[in-house]
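Line by line, the protein sequences give chains A and B.
So the number in our numbering is just where the residue sits in the first sequence, counting from 1, plus 26.
So the number in our numbering is just where the residue sits in the second sequence, counting from 1, plus 97.
Glycine is no exception: its CB is placed at the ideal position from the N, C-alpha and C atoms.
What you are looking at is a predicted structure, and each value in this text was computed from that prediction instead of being measured.
Before any comments, here is the structure.
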Amino acid sequence: MRALVVEDDPDLNRQIAEALGDAGFAVDTAFDGEEGHFLGDTEPYDVVILDIGLPKQDGIRVLEAWRGGERTMPVLILTARDQWSEKVAGFDAGADDYVAKPFHMEEVLARVRALVRRAAGHATAEITCGPVRLDTRASRVTVSGNPIKLTALEFRLLSYLMHHAGRVVSRSELIEHLYDQDFDRDSNTIEVFVGRVRKKLGVDVIHTVRGLGYSLAAPEDAA
Amino acid sequence: MQPNALTLRLLVLATFWSVLVLVVAGIALTAAYRRTAEADFASRLEFSLLTLVAAASFDEAAELAEPPELADPVYGVVMSGWYWQITRLDEARVIARAPSLAGETLTMPDLATSPLNPQFRRFAIIDAPRGEQVSAIEQRIVIGEEEVEFAFLLTGSRAELLAGIQQFRGQIVFYLGLFGFGLVAITMAMVAWVMRPLRRIRAALSRVVSGEAGELQGDFPSEIAPLVGEINALIAANRRTVERARTLAGNLAHALKTPISVLRNESANKRSPLAKTVCEQTATMERQVSFHLDRARMAAQSRVIGVATPVRPSLDSLARAMQRIHAERQISLNVTCPDNLQFRGEKQDLDEILGNLIDNAHKWAAGRVDVTVLPRAGTPMLRLAVDDDGKGLSSDERDNALERGRRFDEATPGTGLGLSIVDELVTLYGGELALEESPLGGLRVAVSLPRIVAEGGLQTY
Chain A
27 MRALVVEDDP DLNRQIAEAL GDAGFAVDTA FDGEEGHFLG DTEPYDVVIL
77 DIGLPKQDGI RVLEAWRGGE RTMPVLILTA RDQWSEKVAG FDAGADDYVA
127 KPFHMEEVLA RVRALVRRAA GHATAEITCG PVRLDTRASR VTVSGNPIKL
177 TALEFRLLSY LMHHAGRVVS RSELIEHLYD QDFDRDSNTI EVFVGRVRKK
227 LGVDVIHTVR GLGYSLAAPE DAA
Chain B
98 MQPNALTLRL LVLATFWSVL VLVVAGIALT AAYRRTAEAD FASRLEFSLL
148 TLVAAASFDE AAELAEPPEL ADPVYGVVMS GWYWQITRLD EARVIARAPS
198 LAGETLTMPD LATSPLNPQF RRFAIIDAPR GEQVSAIEQR IVIGEEEVEF
248 AFLLTGSRAE LLAGIQQFRG QIVFYLGLFG FGLVAITMAM VAWVMRPLRR
298 IRAALSRVVS GEAGELQGDF PSEIAPLVGE INALIAANRR TVERARTLAG
348 NLAHALKTPI SVLRNESANK RSPLAKTVCE QTATMERQVS FHLDRARMAA
398 QSRVIGVATP VRPSLDSLAR AMQRIHAERQ ISLNVTCPDN LQFRGEKQDL
448 DEILGNLIDN AHKWAAGRVD VTVLPRAGTP MLRLAVDDDG KGLSSDERDN
498 ALERGRRFDE ATPGTGLGLS IVDELVTLYG GELALEESPL GGLRVAVSLP
548 RIVAEGGLQT Y
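As structure tokens, this is what we get:
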């Protein structure tokens, strides 16, 4: 799961980025509207946290530009101007949710997770695939009720596959959604990670679709 | 009409002046006419007297040869007021009298009270035999060698003279009165004509106040055009001030809330005493900042005049926003609002009122929220009702619910300021907010707000 944080206050930006990182996201950061606009336009984010009051380009303009350019990723707006007229302007520009400053980080995280789930078509906070259960609120994975310890990257990989269970996810798509933009990407490492996750889960839910990528399905559904 | 109305002032002044001028003119004209009439009357009497004297021929014994006759027929009409008589003074005997006297005798006052003038003539107003007043002229003439003195007395009817004057006065009063009414009527027409631009200003201003126009529109005379310009400048300045205050409040919100967010997040998960203090203090700061900024914004907005906000688009935008904000919950939002309904006030305020109420209703609802906005027929108000099918409030809870910063249920997010902000905004606009039991089973928040009433009176739906 990749997230973009566009916030001009460096401390707040860092705090949000850290919190999202702890929650299992690969996070990119931008500190003004132009930079944020560019990143959101070029990288495939699973969620964006966008401040409304930004230097160089206003958050509303950035959001309108994205939506005008067919960028449909879920966007959570942060606003200090918490009047309804401002919130409505944000939603009219294409926002999916808002959080008013000052906020509790837990609220931002909860809303971000909900947005990601909704974007993938899941209505509840828990995603299950056979015995594998992903609790998006706690960033926890269990198999048949037993907790599984995963590294951040492994969790991200499994989480992305679980969010998009039932369809084939290509390797390049996985790479784009697992690493932040500064990471030195190597497609061969994906196979290594998939292998490790399979081993840790101990059940056969991740299927390799030769030449295309991976897909997640409950064991009994598997061919 | 108020005592100091310009129209009344002008009318009073014009009427006062007209009446004064006309009364003085009437008196002067009547006096002049009276003088002329009196002089005519006197010369007629004098002429008749001379005719009488000439007509009387005496013999040597100073006896009247034959009774004189005057050509004027009035002296033959009995009791006409036109009389004459000739008196031989040494014998105090009337020797001849006009037929009109029918044998009666006229009496002049004593010489002491009415002396003769150097021409041996005197004038007096005396009572005639029938009791009416007559003007009398008497000429003393000495005749014959025995120097017998005779008094030739001739009278004319004063009633006739006075009737003439009276008639003249009547006509004068009639014509001057007519003239006076004409003056007042013309003054009124003038005032109405002069005042028309002022009435147009008033109409234009009321269009601004009602929100139909943004500024005073129309051509006005050069005397009041500067005033119109100043008023428009004032309206524009008012709008700019409000805009600036709102922007400042927004900037201040941004400037304060971002650092508070940083402090709060930094201290949230740490256990040191410092972190604890920071955590508590930032919470206090947050409440204070929100509370005062909301009120600063409200104070900045409430005085704007001449704005109208269509309700429907705001409702539609908010409905879309609510769908996303409460996407986790399956709540059906039903909106009822006529397309042409307009709120008489700022869009920000309407959004704030609707947003807070609908958001609250979503937080409490089990599955359904109804929003109904309708004009209140016969009044310049609209009625807004937000219903939910949640568990509602008891009547005690409803009474307490509007208290500042109160939260009904600590488990439901929200600072609790929403309802009190709405209550204050509604009060600022002269409306009312009431909490009632909803037909859906939960809470109903009923609000009345001013609406734009189309020109031509209060519409009824």
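- Residue pairing by DSSP leaves B/Glu242 without any beta bridge partner.
- Under the Cβ criterion of 8 Å, B/His351 is counted among the residues facing chain A.
- Between B/Ile283 and chain A, the shortest Cβ-Cβ separation is not below 8 Å.
- Cβ neighbours of B/Arg194 within its own chain (closer than 6 Å, five residues either side excluded): Gln182.
- Of the residues B/Ile283, B/Thr127 and B/Gln230, the one whose Cα lies closest to the Cα of B/Thr112 is B/Ile283.
- Separation of the CB atoms of B/Val519 and B/Ile455 is rounded to 11 Å, and the pair is thereby denied contact status at 8 Å.
- The three-state secondary structure of B/Phe278, taken from DSSP, is helix.
- One alpha carbon belongs to A/Gly59, the other to A/Gln83, and they sit about 4 Å apart.
- The residues Gly464, Arg465 and Val466, in chain order, have a CB closer than 8 Å to that of B/Ser429 in the same chain once the five nearest residues on each side in sequence are set aside.
- Ranked by Cα distance from A/Glu112, the first of B/Ala289, B/Thr204 and B/Asp448 is B/Asp448.
- Neighbours of A/Asp37 in chain B, taken as residues at a C-beta separation under 7 Å, are given in chain order as Val359.
- Counting only residues of its own chain and dropping the five nearest sequence neighbours on each side, B/Ser411 has a CB closer than 7 Å to the CB of Lys444, Leu447, Asp448 and Leu451.
- Take the alpha-carbon of B/Ala286 and the one of B/Val120: they are about 23 Å apart.
- The segment 67–86 of chain A and the segment 128–147 of chain A touch, with no fewer than 3 CB-CB distances between them shorter than 8 Å.
- Put simply, the backbone Cα of B/Val470 is about 19 Å away from that of B/Gln420.
- Secondary structure of B/Pro215 (DSSP, three-state): coil.
- Shown in chain order are the members of the segment 118–129 of chain A whose Cβ falls below 9 Å from a Cβ of chain B: Asp118, Ala121, Asp122, Asp123, Tyr124, Ala126, Lys127, Pro128 and Phe129.
- The DSSP-derived three-state label of B/Ala158 is coil.
- Each of A/Ala43, A/Pro100, A/Gly237 and A/Trp110 was checked against the Cα of B/Ala418, and the nearest Cα belongs to A/Trp110.
- Counting other Cβ atoms within 10 Å of its Cβ, A/Pro173 stays below 16 and is therefore classed as exposed.
- In this structure, the alpha-carbon of B/Leu250 lies about 28 Å from that of B/Ala129.
- With a threshold of 8 Å between beta carbons, B/Gly347 makes contact with chain A.
- Taking a Cβ-Cβ cut-off of 7 Å, the neighbours of B/Asn362 in chain A comprise Gln41 and Met131, given in sequence order.
- Counting only unbroken stretches of 3 or more residues, the beta strand (DSSP E) elements lying wholly within the segment 402–436 of chain B are 429–433, in sequence order.
- The contact set of B/Arg394 on chain A, defined by CB atoms closer than 8 Å, consists of Gln109 in chain order.
- Its chain contains Ala193 as the residues whose beta carbon lies nearer than 8 Å to that of B/Pro164, once the 5 sequence neighbours on both sides are disregarded; these appear in chain order.
- Collapsing the DSSP output to three states places B/Tyr130 in a helix.
- About 19 Å separates the Cβ atoms of A/Asp123 and B/Thr355, ruling out a contact at the 8 Å cut-off.
- Using beta-carbon distances, A/Lys113 counts as an interface residue toward chain B, with a partner under 8 Å.
- Annotation for A/Tyr186: the continuous alpha helix (DSSP H) segment containing it runs Ala178 to His189.
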